[in-house]
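Student: Got a structure here, written out as structure tokens. Questions coming.
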Amino acid sequence: MTHPAPAQTVEGLGWLAGDWAELRGELLTEESWMPPRGGMLIGMNRAGTAERVAMFEFMRIAAGEGGRLALHVQPRGAPASAFPATAFTQNSITFENAAHDYPQRIRYWREGEVLMAEISLADGSKPFRWRFERKR
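Residue numbers are given in UniProt numbering: position 110 of the sequence shown equals residue 110, and the series is strictly consecutive.
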């Protein structure tokens, strides 16, 4: 009997869990992921200055039809867009939805104690990257 690789299950994405932040000048981007439970990871993101939130997003990762993981994002509380998982390792995962305007690809990976995130078009062009450090 074969078993899926760890990153193919929500439980294999425990490395995402935590409170993360990146500061670029006055712009603070914070991203928080709850630990996997009940087949789902729940996350949220907010970015802005001390005086104003410029962007916020609700996120969840769960298995969809056929057991394939997908990232569901709701920027500014809009209806969710689904990005099915297309690649994964023990400490990285990539989600893609070529029908979406931007982003079409969303990647997360760990580099030691740092959480990296990148959005881009499906071919990797127009990338934007975050380097999140764990909040203490």
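Cβ coordinates follow ideal geometry from the N, Cα and C atoms, glycine included.
Looking only at C-alpha atoms, which of K135, F132, Q104 sits nearest to D123?
Tutor: Taking the first residue of the sequence shown as position 1, residue 123 is located at position 123. Nearest C-alpha to D123: Q104.
Student: Does I121 come out as helix, strand or coil in the three-state DSSP assignment?
Tutor: Stepping through the sequence shown from its first residue, residue 121 is reached at position 121. For the sequence presented, residue 121 should be read as Leu rather than Ile. The answer is coil: DSSP assigns L121 none of H, G, I, E or B.
Student: So what's Q8 in DSSP terms, helix, strand or just coil?
Tutor: As a first step, residue 8 must be located in the sequence shown, where it is residue number 8. It is helical.
Student: Does the stretch 88-99 come close enough to the stretch 5-23 to have 3 or more Cβ pairs within less than 8 Å?
Tutor: yes
Student: According to DSSP, simplified to helix, strand and coil, what is E96?
Tutor: As a first step, residue 96 is located in the sequence shown; it is residue number 96 there, counting from the start. Strand, per DSSP.
Student: Who are the near neighbours of A87 in its chain, counting only those whose CB is closer than 8 Å to its CB and skipping five residues on each side?
Tutor: For the purposes of this step, residue 87 is identified with residue 87 of the sequence shown, where counting begins at 1. Excluding its 5 nearest sequence neighbours in each direction, A87 has C-beta neighbours in its own chain below 8 Å: I93, T94, listed in chain order.
Student: Taking the alpha-carbon of Q8 as reference, which of A62, A98, N45 has the nearest alpha-carbon?
Tutor: The sequence position of residue 8 within the sequence shown is 8, counting from 1. When each option's Cα is compared against that of Q8, the closest is A62.
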